[in-house]
Amino acid sequence: MLAGRLTYATGAFVVDDVPVPEPGPGQVLIKVEAAGVCLSDLHLIEGMLKPATSTEVVTLGHEVAGTVHALGPGVTGWQPGARVLLHAGELSPAGAVLTRGVDYDGGWAEYALASVHTLVPIPDDLPFEQAAIIPDAVSTPWAAITATAAVRPAEAVGVWGAGGLGAHAVQLLRLVGAAPIVVVDPLPGARQRGLDLGADLALNPRDDTLREQILAETGGRGLAAAFDFAGVADVRDQAVGCLGAGGRLVLVGLTDQPLTITNGTAFSYFQQKIFGHYGSVPAHIEQLVDLTRRRRLDLRRSISDVVPLADAGKAVERLHTKEGDPVRIILRP
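If you want it as structure tokens, here you go:
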């Protein structure tokens, strides 16, 4: 079968022929129908992210949907042909979080192995392309909003970066009743996308009046919560400066750069907070599947393009250059 393989030591990525894996006890073999291309995949190829294990070569892809193809020994409760998405990760026997497509083989392949407890059934009318992106592109901002930041109705919020995660954050913030929602992004197309998805105000981070405009939009209160989905050091300092009393900054975008606070006295005086955030838990994914099933969440606009698995390298390059300003490019085996 074809699989998109990354060698960590060299950063070499290639779509190659590899054997179809055999499911072991407690595993199922999934016929992959769709797999998302995420900025984290690019970070892995670039070497900014490293696996938590001693994995040397891995099949990328942590956003995966498909059908059950074969059951491993002792697996019950599933039938071949069942439509599923896969959790992006699972716990190791030692309790560490291991990520699919990072610490073990993921879904940039024609077939993928999955532990049976990582399968989530999806309704027949949810396209595989949309289902695949739920475990990360949608579940990560959902967890950041509802769990880490605990956003409440009518709270003013800011979204820095309206790409793969931030675009969904706007939709999800509207869903929980946040208001106003301010999108900050240097790309005009991304700002317009934020407005189209329900933001109340879209600003360029290079605008010298950004803070004043946010204060005006919030009646002088500032933001109750600000989300960094860009993973850019300067973004974080700018976002802190837009927080109101008791405001919290949630770091979702990944960066290896230092975190600095320009005015530490004001930060302490106003009792502001900074939270790190990573991923989601199974309950968040199940909630989102139910929300899409009940038509509370529409992911159709999230699919920027669908390309063959053989062109995975080109898809990564498009994400790197932001060609077409994609939300999510989907690989189809």
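Quick note: the sequence shown uses UniProt numbering, first residue 1, plus one each step. Idealized CB from N, CA, C, for every residue including glycine.
The beta carbons of residue 224 and residue 150 sit about 10 Å from each other, so the pair does not count as a contact at 8 Å. When DSSP assignments are scanned along the stretch 107-191, the uninterrupted stretches of alpha helix (DSSP H) that are 4 or more residues long and fall wholly within it turn out to be 128-132, 139-143, 166-176.
Exposure of residue 9 is indicated by the presence of fewer than 16 other C-beta atoms within 10 angstroms of its C-beta. Nearest to residue 77 by C-alpha distance, out of 119, 258, 200, 19, is 119. DSSP, read as helix, strand or coil, puts residue 84 in strand. Closest by C-alpha distance to residue 136, out of 25, 41, 192, 126, is 41.
A distance below 7 Å between beta-carbons, with the five flanking residues on each side excluded, links residue 255 to the following residues of its chain, in chain order: 231, 232, 233. Annotation for residue 244: the continuous beta strand (DSSP E) segment containing it runs 243-251.
Counting the other Cβ atoms within 10 Å of the Cβ of residue 52 gives fewer than 16, which makes it exposed. Considered as a whole, the stretch 271-322 harbours 282-293, 312-321 as its complete alpha helix (DSSP H) runs of no fewer than 4 residues, in chain order. Within its own chain, the residues whose Cβ lies closer than 8 Å to the Cβ of residue 279, once the five positions on either side in sequence are excluded, are 88, 89, 97, 99, 136, 139, 140, 143, listed in chain order. Under the three-state reduction of DSSP output, residue 79 falls in the coil class, being neither helix nor strand.
Cβ-Cβ distances below 6 Å link residue 274 to 249 in the same chain, with the five nearest sequence neighbours on each side left out; the list follows chain order. Assigned with DSSP and collapsed to three states, residue 16 falls in strand. Residue 4 sits away from residue 71, with the two beta carbons spaced by 7 Å or more. Residue 31 has its alpha-carbon roughly 40 Å from the corresponding atom of residue 152. In this chain, the beta strand (DSSP E) harbouring residue 27 covers 27-37. A distance of 7 Å or more separates the beta carbons of residue 35 and residue 128.
Between residue 160 and residue 245, the gap from beta carbon to beta carbon reaches 7 Å or more. The beta carbon of residue 186 lies closer than 8 Å to those of 204, 205, 206 in the same chain, with the five residues before and after it left out.
In the structure shown, residue 90 falls within a strand segment according to DSSP collapsed to helix, strand and coil.
Assignment of beta-bridge partners to residue 59 by DSSP yields 5.
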